[in-house]
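Participant:
Protein chains: 2
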Amino acid sequence: MIIVTAFFYIYVMISQAEIKKIRSLHKNKGRSQHQCFIIEGIRAVEDILGSSLDVLDVFVVKGGDSLTPGYKSFREISEKEMKSISALNSPPGILAVVKIPPPGNINPEQNLILLDGIKDPGNMGTIIRTAHWFGVNQVVCSTDSVDIYNPKVVQATMGSIGYVSMFTDELSDFLDKYSKEYSFAGLMMEGRQLKDVEFSKDSGIALIVGSEAFGIREEVEKRLDVSVTIPAFHSQNKPESLNASIAASIAIYHFYGTE
Amino acid sequence: MIIVTAFFYIYVMISQAEIKKIRSLHKNKGRSQHQCFIIEGIRAVEDILGSSLDVLDVFVVKGGDSLTPGYKSFREISEKEMKSISALNSPPGILAVVKIPPPGNINPEQNLILLDGIKDPGNMGTIIRTAHWFGVNQVVCSTDSVDIYNPKVVQATMGSIGYVSMFTDELSDFLDKYSKEYSFAGLMMEGRQLKDVEFSKDSGIALIVGSEAFGIREEVEKRLDVSVTIPAFHSQNKPESLNASIAASIAIYHFYGTE
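For the protein sequence lines, the chains are W and A, in the order given.
When the letters of the first sequence are read in order and numbered with this note's numbering, they come out as residues 1172 to 1430.
When the letters of the second sequence are read in order and numbered with this note's numbering, they come out as residues 1172 to 1430.
#1: Considering just the uninterrupted stretch of the alpha helix (DSSP H) at Glu1217 of chain A, what are its terminal residues?
#2: Alpha carbon to alpha carbon, how far is Ile1289 of chain A from Leu1378 of chain A?
#3: Do you know how far the Cα of Phe1426 of chain W is from the Cα of Glu1280 of chain A?
#4: Measure the alpha-carbon distance for Gly1296 of chain W versus Leu1346 of chain W and round it to whole angstroms.
#5: Ignoring anything shorter than 4 residues, give me the alpha helix (DSSP H) runs that lie fully in the region 1369-1421 of chain A, in order along the chain.
#6: Three-state secondary structure (DSSP) at Gly1293 of chain A?
#7: Using a 10 Å radius around the Cβ and a threshold of 16 neighbouring Cβ atoms, would you call Gln1309 of chain W buried or exposed?
#8: Thinking just about the alpha-carbon of each residue, which of W:Gly1330, W:Ala1356 and W:Ser1249 is nearest to the one in Thr1301 of chain W?
#9: Taking 8 Å as the cut-off, decide whether the C-beta atoms of Glu1411 of chain W and Asn1294 of chain W are in contact.
#10: At which residues does the alpha helix (DSSP H) containing Thr1328 of chain A begin and terminate?
#11: Could you list the residues in the region 1343-1371 of chain W with a C-beta less than 7 Å from some C-beta on chain A, going in chain order?
#12: On the DSSP bridge list, what partners appear for Gly1357 of chain A?
#13: Anyone know if the C-beta pair for Val1268 of chain A and Leu1342 of chain A falls short of 8 Å?
#14: Please report whether the beta-carbon of Ala1415 of chain A lies at a distance below 8 Å from any beta-carbon of chain W.
#15: Go to Met1337 of chain A, then tell me how far its beta strand (DSSP E) extends in each direction, as first and last residue.
#16: Just list the residues that DSSP pairs Gln1364 of chain W with in beta bridges.
#17: Counting only beta-carbon atoms, is Ser1398 of chain W nearer than 8 Å to chain A?
#18: I'd like the list of long-range same chain contacts for Ile1190 of chain W, defined as Cβ closer than 8 Å, with 5 residues on each side in sequence excluded.
#19: Do Phe1245 of chain A and Val1232 of chain A count as a contact pair if the criterion is CB distance below 8 Å?
#20: Can you tell me which residues form a DSSP beta bridge with Leu1283 of chain A?
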């Protein structure tokens, strides 16, 4: 009798309607409708629980990973149920549903990074993670960038999504609006060598990273204070390019990590 | 009659035995048996054709991507055949079979990078790509690293695999052997701040990057000339870590890209 009760208890812990709702958060449309996103894995979930973001639910596979004392409440589900709500091929066994924070305001006293049309979720997530590492906690994305709360972006941030304020805006408008507060440095294929560019402390530093395929768009480029580039060592065979998140991270290190 | 001939012509362009052989190159065992590896995508294949590596075959999907004049000879296969030999979920339509080069000799007059137990193919490939960008053309991997010619490593190098000499060795032996020729700098969680470490021009620079999970192993660590670290900006919430290929690339930029 006890066994039956226990089984029933686990069974009702997540309804089909909830499964459907959480699955819808894998896609842009569902996230926009419910204003929630998901994040998976014990470290990432712990990081989010420690952040100011509003965690609505934590689902854990019964008999899965051991839990740290940080958890006050979570809901146990079966492995099969976890598989049906997870966005990963190999679900790590813990998934949180998190409220998308309301749009905040730019703090012009703090540095920021702008992403102009970044399409690869791994690149965007990795750039957010690197920004957080070097203390940059504001990232502004152009409206045609990959969605910030795409599960692959969120996973690649490794929890940093909880500590970096994310904004979406038309970048050319943004540059016009904040031309006094920030020095805008665009990472380009051609420009001044990164190592030779330094800014005075009178304004904030705003690094702009362009899309993987097309770089920074023209209307943003003409508003830059400086174009910077990371030159290749010219051997007989110059390589194609650097990976976008690698190039961005090197520039982030140069501007924000070496003071 | 002409149609039949044409069909027959395409059909015999790749045999089942060849398909089986190329598929075996997806795995370590097959590569080691046949001493070949594969690389896919038009840019990567062109880069390899321009390198000193020995390209045995280039397969192209009939009616697929247009080809540049660089190609002297290639073999047309069907989309289905390409799918069966490709290591990618979405085959780009062009695949080359390349001979694994015979082990060469270290050139102690040139800089190098050592990878101690890197397990993620994307990380290893990205580090090789960044090394090539900054003119480092020797990479030494510990014997327990992911296989250099794993298709995911090769893809992530974006063709740079053709321009960087790859070695596999026991790193502690290597450090003993080349202690006079190189200054060995290990990227660690703790150590001297990267930005403060410079080497004289009297010796080569050898950066060592440790595994994603365990860092640099002890017997290598005790042979280092210097431990370097990329400090996080200490906010109230220090992030977990940098991605391994990001940390490596920042150190590569610092040591090899800013002269």
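For each residue, glycine too, the CB sits at the ideal point set by N, CA and C.
Values in this document were obtained by computation on a predicted structure and should not be read as measured data.
Facilitator: Looking at the atomic coordinates:
#1: That run of the alpha helix (DSSP H) goes Ile1213 to Leu1220.
#2: For Ile1289 of chain A and Leu1378 of chain A, the distance between alpha carbons rounds to 14 Å.
#3: Answer to the nearest angstrom: the Cα atoms are 32 Å apart.
#4: If I take the Cα positions, the gap works out to 23 Å.
#5: Taking 4 residues as the shortest admissible run, the region 1369-1421 of chain A contains the following complete alpha helix (DSSP H) segments, listed from N- to C-terminal end: 1389-1392.
#6: Under the three-state reduction of DSSP, Gly1293 of chain A is assigned to helix.
#7: Buried, because 16 or more other Cβ atoms sit within 10 Å of the Cβ of Gln1309 of chain W.
#8: With distances taken between Cα atoms, Thr1301 of chain W lies closest to W:Gly1330.
#9: Result no, Cβ atoms of Glu1411 of chain W and Asn1294 of chain W do not sit closer than 8 Å.
#10: In the DSSP assignment, Thr1328 of chain A falls within the alpha helix (DSSP H) that extends over Pro1322 to Thr1328.
#11: Result list: Lys1366.
#12: For Gly1357 of chain A, DSSP records a beta bridge to A:Ile1379 and A:Ser1398.
#13: Contact: no.
#14: No Cβ of chain W is located within less than 8 Å of the beta carbon of Ala1415 of chain A.
#15: Met1337 of chain A -> beta strand (DSSP E) spans Ser1336 to Asp1340.
#16: Under the DSSP definition of a beta bridge, Gln1364 of chain W partners with W:Thr1400.
#17: Residue-level contact check: Ser1398 of chain W does not touch chain A, since none of the beta carbons of chain A fall below 8 Å from its beta carbon.
#18: Correct list, in chain order: Glu1252, Ser1255 and Ile1256.
#19: Between Val1232 of chain A and Phe1245 of chain A, the gap from beta carbon to beta carbon reaches 8 Å or more.
#20: Answer is A:Ala1377.
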